[in-house]
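Asker: Numbering-wise, the working numbering comes out as the position in the sequence shown, counting from 1, plus 114. We put the beta carbon where it would ideally sit given N, CA and C, even for glycine.
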Amino acid sequence: MIADVRHHLSVAALYGRLSVQRALEYPFSLLSICLGLGFNYVWIGVALKVLVDRFQPLSGWTFSQLAFLYGLSLMSRGVMSILSFQSRQIDRFVTRGEFDLMLLRPLEITFHFSCNRINVVGLVHLVIGMGYFLYGARLSGFVWTPLHVAEVLLVIAGGTLIYWSYLTLISSIAFWTMRSQPLVDASMELMARGTFYPLTVYPWPLQALLTFVLPLGFIGFYPACDFLGQSANTSLPLDVALWTPAVGAAMLVLALAVFAAGLRRYESAGS
Numbered sequence: 115m116i117a118d119v120r121h122h123l124s125v126a127a128l129y130g131r132l133s134v135q136r137a138l139e140y141p142f143s144l145l146s147i148c149l150g151l152g153f154n155y156v157w158i159g160v161a162l163k164v165l166v167d168r169f170q171p172l173s174g175w176t177f178s179q180l181a182f183l184y185g186l187s188l189m190s191r192g193v194m195s196i197l198s199f200q201s202r203q204i205d206r207f208v209t210r211g212e213f214d215l216m217l218l219r220p221l222e223i224t225f226h227f228s229c230n231r232i233n234v235v236g237l238v239h240l241v242i243g244m245g246y247f248l249y250g251a252r253l254s255g256f257v258w259t260p261l262h263v264a265e266v267l268l269v270i271a272g273g274t275l276i277y278w279s280y281l282t283l284i285s286s287i288a289f290w291t292m293r294s295q296p297l298v299d300a301s302m303e304l305m306a307r308g309t310f311y312p313l314t315v316y317p318w319p320l321q322a323l324l325t326f327v328l329p330l331g332f333i334g335f336y337p338a339c340d341f342l343g344q345s346a347n348t349s350l351p352l353d354v355a356l357w358t359p360a361v362g363a364a365m366l367v368l369a370l371a372v373f374a375a376g377l378r379r380y381e382s383a384g385s
């Protein structure tokens, strides 16, 4: 058991080194992507600040509270993007027959698929998310206690699972249809809208959708409400810091089941 875990960790570390080396082969391309992504996130923050300062708080949320929420969600997205960016590209693996080689190797297929590429660009999401979060925490009166730090880490871990599971569920449609990228792109937009802004800006039916059907609200909104004392318009039992990893674990089980069912239907379409 321990030897097996060590073997898988060593394989993941090897894939990580290869991914970094691959990314550094084109340094100017990597730099331009990182700068463009970073500028986009900074511009979103500037636009939010202008909107809130010039007009009024967004559904009762000040800019510092929005930065806290934005950063919390972005950190989970960053971890997911670093470790499992390929979860949004299952149709490419299907149409190119790239699962063939994975199925032949003596590694658990889900682990192999998730770890075969480390996305260096995901660090931009993570670093900028940390910046927004720390800025928002400082100005919003967030109290740094050992318990709160542990809760934040739990929320980030749970949010990462929700992100990964959601994208894997949508992308796995490719096992049946051969193509899922248009749906994945639309889902990415929904994820941005459903995690970076307070759910209270949306009508109640959409709030219910993003809570009970596609539980993206647990990535950032409900934890941020709990940490900052904001109203969520929804009463949840227990600590939200426990709900987020619980929801993430439930979605993970569902995503793995759908992924496994898709693999059973997989037929190589590669040349």
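Suppose the cutoff is 8 Å on Cβ atoms and the five residues either side in sequence are ignored; what does the same chain contact list for Ala379 look like?
Answerer: It is worth fixing the name first, because residue 379 is Arg in this sequence and not Ala. Only Phe289, Trp290 meet the Cβ criterion.
Asker: Enumerate in chain order the residues of its own chain whose CB-to-CB distance from Asp205 is below 6 Å, with the five nearest sequence positions on each side excluded.
Answerer: Once the five neighbours on either side are set aside, the close Cβ partners of Asp205 are Ala288, Arg293, Ser294, Gln295.
Asker: Which same chain residues, not among the five before or five after Trp278, have their C-beta less than 6 Å away from its C-beta?
Answerer: Answer for Trp278: Met194, Ser198, Ser201, listed in chain order.
Asker: In the DSSP assignment, what are the bridge partners of Trp175?
Answerer: Trp175 pairs with Leu172.
Asker: Roughly how far, in whole angstroms, is the beta-carbon of Gly211 from the beta-carbon of Ser382, given that I think they are within contact range, below 8 Å?
Answerer: About 4 Å separates the two Cβ atoms, so the contact holds.
Asker: Cβ of Ser178 within 9 Å of Cβ of Leu248?
Answerer: No, these two residues do not count as a Cβ contact at 9 Å.
Asker: Identify, in the order they occur along the chain, each residue of the same chain with its Cβ nearer than 6 Å to the Cβ of Ile270, setting aside the five sequence neighbours on each side.
Answerer: Cβ neighbours of Ile270 beyond the five flanking positions: Met189, Ser190.
Asker: Grouping DSSP H, G and I as helix and E and B as strand, with all else coil, what is Phe256?
Answerer: It is coil, neither helix nor strand.
Asker: Near Val367, what residues of its chain come up, given a Cβ to Cβ distance below 6 Å and the 5 sequence neighbours on each side ignored?
Answerer: Within the same chain, Val367 has no close Cβ partners at all.
Asker: Checking 9 Å against the spacing of the C-beta atoms, do Ile158 and Tyr184 come in under that value?
Answerer: Yes; because the gap between Cβ atoms is below 9 Å, this pair is in contact.
Asker: Roughly how many angstroms lie between the CA atoms of Met305 and Val234, to the nearest whole one?
Answerer: When rounded, the distance between both Cα atoms is 21 Å.
Asker: For Gln135, is the beta carbon positioned less than 8 Å from some heavy atom of the ligand SAM?
Answerer: What this structure holds is no ligand at all, so the ligand SAM is not there to describe.
Asker: Take every Cβ of the segment 126-146, pair it with every Cβ of the segment 228-243, and state whether three or more of those distances are shorter than 8 Å.
Answerer: They touch, by the three-pair rule.
Asker: Cβ atoms of Val166 and Leu180: under 9 Å apart, would you say?
Answerer: Against a cut-off of 9 Å, the Cβ pair of Val166 and Leu180 comes out as a contact.
Asker: Am I right that Ile276 and Leu320 are in contact with their C-beta atoms under 8 Å? What's the rounded C-beta distance?
Answerer: That belief does not hold up - the Cβ atoms of Ile276 and Leu320 are roughly 17 Å apart, past 8 Å.
Asker: So is Gly376 buried or exposed if we call it buried at 16+ other beta carbons inside 10 Å?
Answerer: So Gly376 counts as buried.
Asker: Can you give the Cα-Cα distance for Leu313 and Pro171, rounded to whole angstroms?
Answerer: The straight-line gap from Cα to Cα measures roughly 14 Å.
Asker: Measuring alpha carbon to alpha carbon, tell me which of Phe153, Leu138, Leu221, Leu342 ends up nearest Arg120.
Answerer: Checked all of Phe153, Leu138, Leu221, Leu342; the closest Cα to Arg120 is Leu221.
Asker: Hey, would you say Leu240 sits closer than 9 Å to Gly192, going by beta carbons?
Answerer: It is a contact, given that the beta carbons lie within the stated cut-off.
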